[in-house]
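Numbering (the numbering used here), first residue to last: 43 to 122. Every residue, glycine too, gets a C-beta built ideally from N, C-alpha and C.
See below:
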């Protein structure tokens with residue numbers, strides 16, 4: 043859930059030190075709908091998970107391989 047421009051800025055600020063991390067939650071890979079995040083209920087729709095009844099992001103549901111593809115698309119870096 044990072045804007046492509048902010049990813050590009052971070053990469054070009056320190057291309058040899060850029061790393062990818064994820065805060066993917068247990069609902070990653072599950073169907074759209076309501077899921078538990080500890081004691082909280084989250085609503086997953088597509089690639090977004092929000093706390094039920096709000097627009098507050100609850101965490102990521104995009105797998106790391108998609109994050110790598112997004113990173114490459116945003117920065118045109120080499121995948122080596």
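Would you call the CB atoms of residue 86 and residue 103 closer than 8 angstroms? Contact: yes.
Status (buried if at least 16 other CB within 10 Å, exposed otherwise) for residue 63: It is exposed - the Cβ of residue 63 has fewer than 16 other Cβ atoms within 10 Å.
When we look at the beta-carbon of residue 45 and count the other beta-carbons within 10 Å, is it buried (16 or more) or exposed? With fewer than 16 Cβ atoms within 10 Å of its Cβ, residue 45 is classed as exposed.
Opposite residue 76 in the DSSP bridges: which residues? 85.
Would the region 113-120 and the region 45-58 be scored as touching if the rule is three or more Cβ pairs under 8 angstroms? Yes, the region 113-120 is in contact with the region 45-58.
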